[in-house]
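The next block holds one structure in the form of structure tokens; read it before the comments.
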Amino acid sequence: MIRKRKWPLRAVLCVAVVLLVTGANAASSYRRDRRKVCNYYEWKCASGQCIESHQQCDGVIDCKDGSDETSASCAFIRCPSYAFRCQYGACVDGNALCNGVRECADHSDEHAHCPGNSGTILAAHGNCSNTEFSCRSSECIPADQVCDGQEDCPDGTDETQPLCSLVFCPSFSFRCSYGACIGGYSKCDGVVDCRDGSDEDELLCGRPFPSTTPRPVATVQTSSTTTTSTTTVAPVVKVTGPPGSCVVPSAPPNGRFVLDETAQTVPILAGEFIENYNSVHVVCGDKYTLKGAATIVCLDGEWLEPFPVCEKYCSEIPINGITIEPFCEYQRRQITCKRPLPPTTRVRIGCRVGYQKPLEPVNETLSCVDGSWDGPVFRCEPVCGTPTPDAEAYIIGGRNVSIAEVPWHMAIYKNLHDDTLDDLRSPDWQYVCGGSILTERLVVTAAHCFWATEGFFDKRFFRLAAGKYRRDIAAIEALPAQYFHIHEILTQPQYQDFSGYYNLDIAIVVLNGFISFRTYIRPICLERNLRTESEKRIRPASVGRVAGWGFTTSTGNLSSVLKVIDIATVDYVTCREFSPVAYRPFLTGDKFCAGSPRTGTSVCQGDSGGGFALGKEEPGGGDTVYYLYGLVSSAPRAADGGCDNNKYVAFTEVQNYIPMILDAESRYPVI
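Residue numbers for the sequence shown follow this note's numbering, beginning at 802 and rising by one.
This is the structure in structure tokens:
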């Protein structure tokens, strides 16, 4: 039978890319071009043209035939979280939706529901609900009955040219002359479906309407030796489709035919007709992938290509992640690992920059067998606590200070002005604290960095930056920094800031994205499995490294560049004895002290939240690896209100909060 459907408005508000074939000469050229061979770094258009691989499914039509921006080529593309996915599958900028610029090839980023696009439709609710259309005569009709070819409003205002000209019809539909969309198979089928009759126009269909061709009948005679009768019945007539149409064959096993990737709920059954120059799309079932072309075009009664088959694939998700780098090979050719992979695909797992293979033996090569990988996929471990010796260096105060001497150090900025929150160049963004990278998404710092008067500031007022050497958030760096919003701030519920003597002064910041580790951006190591109290407690005279942009003198200004000092810890009795009486209550049970009062070397305001990193030499005389043991919490003030560099500084001892950190890591794992 010939398909005939009524297409609702919500199904036709997007632009679809239509593959136009002009005739037999085009088909000949089509087959000839497809014999071209593209190299590994190119993508082959349906016409045979070669384009750069990154130009496929980027929202811009680069193939002359438009095949790089169709649902057939983009259906299995996975867009990152920061991108916007066009309706046909391409990935464009995350701000593309309704920004007034058409960035998707099908314009689905500027659909009719965007402000200003089809306000005539969306604003015409009147006293009707949001899912209804208000006729000019005040009646309410369902919104999907607008511009469908039939007048549903008594006054016909749902089928007018000013209204329906705003509607985009997909390639499988027919657009009436005034703009409404009806089923593509309704054209020239002998039934008027457009309000203005343009689907049965004589120039379009090649015959006047209505058709006067009589329906054929047949006379069948049956006889016997005793009786003779004559009966007139309707004959069995072979159904033929429109000129040049193609018959849909049986769907491939584990697959089905649909009109278009954007209309998967509209199935096509075997035996139906597809009009000349139109196409069908093959969709495979769950855990199956296509082998062959997904879209098959009908040209002059023949399908241009063989129909594809559905093969059971292996999911690409297990072999991709933050820590690992997969390399996939299929039939001795390297292929992308970002899509479902066909049987016999082999993948070799490597580690990304900043990661290393685990110590235990792992299987680095896997194969896709019957829809599953033939072994577990290991995860690489971050290279933590290791400064980069060959990083760019600066001379500060006569001492070499490498930009990567403390690659785990983070900068925290605050801006309480709503109107400049999105402008990182605004002077309203001020540095407030430091922090230390724990994982790709977790940063540990001091809770008081986020404290207001009686509670915590809203997370939207803060930004974090990794890889910063210069304090100014907008300063140009020799190596690019990475900036993040805050997803969540995890603190101890009993924390009360100054009134609680800065007890429980620790916060774990969950970033809104993942840090990309580099030679100058790495996490700090953490002793997560220490058992005894003596192991957990830091010993007196342990020399640790602290970084920050704090005051360069006790009454001076914040440093414009990152500074690093090495200071030693002292026992609790000594710290208490050298501390002012008024400050002693701040030496709570979760603190240890460090500093060099005799030399005046210490941390000061602006260094808060920074980590106290203790270096340990790897077994066998290896490199020095730094472990996080403390967070800068508080220090006594001098009489003039500045920092007193001749006193010890209190650090929050991180080992007291290992369960809190492990809980955060389990809630926000790295895959």
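Glycine included, every Cβ here is placed at the ideal spot set by N, Cα and C.
Residue range Y1373 to F1379 is occupied by the alpha helix (DSSP H) that includes F1379. Counting the other CB atoms within 10 Å of its CB gives I1277 a total below 16, which places it among the exposed residues. The beta carbon of E904 sits closer than 6 Å to those of G860, V893, A897 and D910, all from its chain and outside the five residues before and after it, given in chain order. In the DSSP annotation of this structure, Q962 is not part of any beta strand (DSSP E); the continuous alpha helix (DSSP H) holding it starts and ends at Q962 to C965. Within its own chain, the residues whose Cβ lies closer than 7 Å to the Cβ of D1391, once the five positions on either side in sequence are excluded, are N1304, L1305, T1453, E1454 and N1457, listed in chain order.
Collapsing the DSSP output to three states places C1326 in a strand. Counting along the chain, P1188 sits inside no beta strand (DSSP E), nor does DSSP assign it H or E at all. The beta-carbon distance between W1350 and Y1232, rounded to whole angstroms, is 6 Å. This is short enough to meet the 8 Å contact definition. Put simply, of C965, S938, R937 and V1404 the residue whose alpha carbon is nearest the alpha carbon of D945 is C965. Looking at the DSSP output, G1151 shares a beta bridge with E1126. Inclusion of G1416 and L1429 in the CB contact set at 8 Å is not warranted, their separation being larger than that value. Measuring C-alpha to C-alpha distances from V1404 to each of Q857, L1359 and R1272 identifies L1359 as the nearest.
For L1239, there is no enclosing beta strand (DSSP E), as DSSP marks it with neither H nor E. Spanning the alpha carbons of Y986 and E853 requires a straight line of approximately 37 Å. Using a Cβ-Cβ distance cut-off of 8 Å, the region 1120-1133 and the region 1082-1101 are not in contact, since fewer than three pairs of beta carbons, one from each stretch, lie closer than that value. Counting C-beta pairs with one atom in each stretch, the region 1377-1392 and the region 1432-1441 have three or more that are closer than 8 Å, which means they touch. By the neighbour-count criterion, in which a residue is buried when 16 or more other Cβ atoms sit within 10 angstroms of its Cβ, L1463 is exposed.
With a cut-off of 8 Å on Cβ pairs, the region 1329-1341 is not in contact with the region 1274-1288, counting fewer than three such pairs.
Under the 10 Å beta carbon count, I1238 is surrounded by 16 or more other beta carbons and is classified as buried. In this structure, R1264 keeps its C-beta atom at 8 Å or more from the C-beta atom of Y1321. Membership of I1462 in the alpha helix (DSSP H) is indicated by the continuous run I1459 to R1468. A direct Cα-to-Cα measurement between I1307 and P1294 gives close to 11 Å. By the Cβ neighbour-count rule, V1049 is buried, with 16 or more other Cβ atoms within 10 Å of its own.
Under the 8 Å Cβ criterion, the region 1127-1135 does not count as touching the region 1102-1116, having fewer than three qualifying pairs. In the assembly as shown, G1086 is an exposed residue. Its beta-carbon has fewer than 16 other beta-carbons within 10 Å. The DSSP-derived three-state label of H1218 is coil.
Counting only the Cα atoms, H908 lies some 25 Å from P943.
At a Cβ-Cβ threshold of 8 Å, K1260 and I1290 count as neighbours.
Bounds of the alpha helix (DSSP H) holding K1337 are E1334 to K1337. Judged by DSSP secondary structure, F1393 falls within the beta strand (DSSP E) whose first and last residues are K1392 to A1395.
One thing to note: G890 has its Cβ within 8 Å of the Cβ of C858.
Comparing C-alpha distances from E1466 to each of L1243, I1069 and H1218 shows the shortest one belongs to L1243. Collapsing the DSSP output to three states places G985 in a helix. According to DSSP, E1182 shares a beta bridge with Q1157. Per the Cβ contact rule, the region 1073-1083 is not in contact with the region 1138-1157 (fewer than 3 Cβ pairs under 8 Å). Partner residues in a beta bridge of E904, as assigned by DSSP, do not exist.
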